[in-house]
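Single-structure report; data block below.
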Amino acid sequence: MAAAEVFTPANPTCKIMTFRPTMEEFRDFNQYLVYMESQGAHRAGLAKVIPPKGWKPRRTYDDIDDLMIDAPIQQMVAGQSGLFTQYNIQKKPLSVQEFRRLANSDMYCTPRYLNYEDLERKYWKNLTFVSPIYGADVSGSLYDEGVEEWNIGHLNSILDVIEEDCGVSIQGVNTPYLYFGMWKTTFSWHTEDMDLYSINYLHFGEPKSWYAIPPEHGKRLERLAAGSRTFPPPLCSPPG
Numbered sequence: 001m002a003a004a005e006v007f008t009p010a011n012p013t014c015k016i017m018t019f020r021p022t023m024e025e026f027r028d029f030n031q032y033l034v035y036m037e038s039q040g041a042h043r044a045g046l047a048k049v050i051p052p053k054g055w056k057p058r059r060t061y062d063d064i065d066d067l068m069i070d071a072p073i074q075q076m077v078a079g080q081s082g083l084f085t086q087y088n089i090q091k092k093p094l095s096v097q098e099f100r101r102l103a104n105s106d107m108y109c110t111p112r113y114l115n116y117e118d119l120e121r122k123y124w125k126n127l128t129f130v131s132p133i134y135g136a137d138v139s140g141s142l143y144d145e146g147v148e149e150w151n152i153g154h155l156n157s158i159l160d161v162i163e164e165d166c167g168v169s170i171q172g173v174n175t176p177y178l179y180f181g182m183w184k185t186t187f188s189w190h191t192e193d194m195d196l197y198s199i200n201y202l203h204f205g206e207p208k209s210w211y212a213i214p215p216e217h218g219k220r221l222e223r224l225a226a227g228s229r230t231f232p233p234p235l236c237s238p239p240g
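Final position of the sequence shown in UniProt numbering is 240; the numbers increase by one with none missing.
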């Protein structure tokens, strides 16, 4: 009698995977996403894609200084022992040039550090001090119009069909947003709208750090938050 075949899903440890597509592979966004899923990348909740050498989404960034950040926010963080609540206070509009000047100032710039682990320690140690400014939810894209590969404004996914055929535009879902960060700006724990995938491209600046919970363990984080006195009830309880 033949032994039963045991099915082992790809990426059983839910590790975060890094992909380096060739230019040929990079041209078909949807097909490459299928490939990533076949490798189990989605199980981690996060994956890193390094574009092929020579690919650029924009020829130059020298002409964006006058771009306006209409509603920058100052991020006030309170808490201790690893549990924090973030409060956002809207500030007056800033141009990208003004934001860059602010981010590089002595007050807001990244401190000196030995390595990533040292920088991470400094982040958590100083999270409640000197509230940074975040240029979040700026409608638009920095991609050149002629860029066809992985153009965040035109991914050729079903969400584009919703916009083109049905005339439904959902800000930040089937239209792109820009985010301008500085040292310690933080996007708190969240799931994406309708549990959709989210795609982010780092145009310039320092590396961005991500924390992720594998989707199959997401409920455990929600239970942790619900059982903590640090998190306000509206963030933990379902509506109604």
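Yeah, the Cβ is synthetic: ideal placement off N, Cα and C, and Gly gets one too.
Q: State the Cα-Cα distance for the pair Arg112 and Asp137, rounded to the nearest angstrom.
A: 29 Å
Q: Check whether the Cβ atoms of Ser139 and Asn151 lie closer than 9 Å to each other.
A: No, these two residues do not count as a Cβ contact at 9 Å.
Q: Specify, as a first and last residue, the run of the beta strand (DSSP E) that Val77 falls within.
A: Per DSSP, Val77 belongs to the beta strand (DSSP E) from Ile73 to Gln80.
Q: Count the other CB atoms, across all protein chains shown, that sit within 10 Å of the CB of Leu127; report buried if there are 16 or more and exposed otherwise.
A: buried
Q | Ala47 - containing beta strand (DSSP E), residue span | A | Ala47 to Val49
Q.
Give me, in chain order, the residues of the same chain whose beta-carbon lies closer than 6 Å to that of Met76; leave out the 5 immediate sequence neighbours on both sides.
A. Cβ within range, chain order: Tyr87 and Ser131.
Q) Going by beta carbon distance, what residues of the same chain come within less than 7 Å of Ala212, once the five residues before and after it are set aside? A) Ile16, Ala44, Gly45 and Leu46
(Q) Is it buried or exposed, Cys14, if we count other Cβ atoms within 10 angstroms and call 16 or more buried? (A) buried
(Q) Rounded to the nearest angstrom, what separates Asn174 and Leu159 at their Cα positions? (A) 6 Å
**Q.** Cβ pair Ile50, Phe84 closer than 9 Å
**A.** no
Q.
Since Pro176 and Gly153 should fall inside the 8 Å C-beta cutoff, what is the C-beta to C-beta distance between them, to a whole number of angstroms?
A. 5 Å
Q) Who does Val138 pair with in a DSSP beta bridge? A) Leu178
Q: Answer yes or no: do Phe26 and Pro57 have a C-beta to C-beta separation smaller than 9 Å?
A: no
Q) Thinking C-beta only, is Lys48 closer than 9 Å to Gln74? A) Result no, Cβ atoms of Gln74 and Lys48 do not sit closer than 9 Å.
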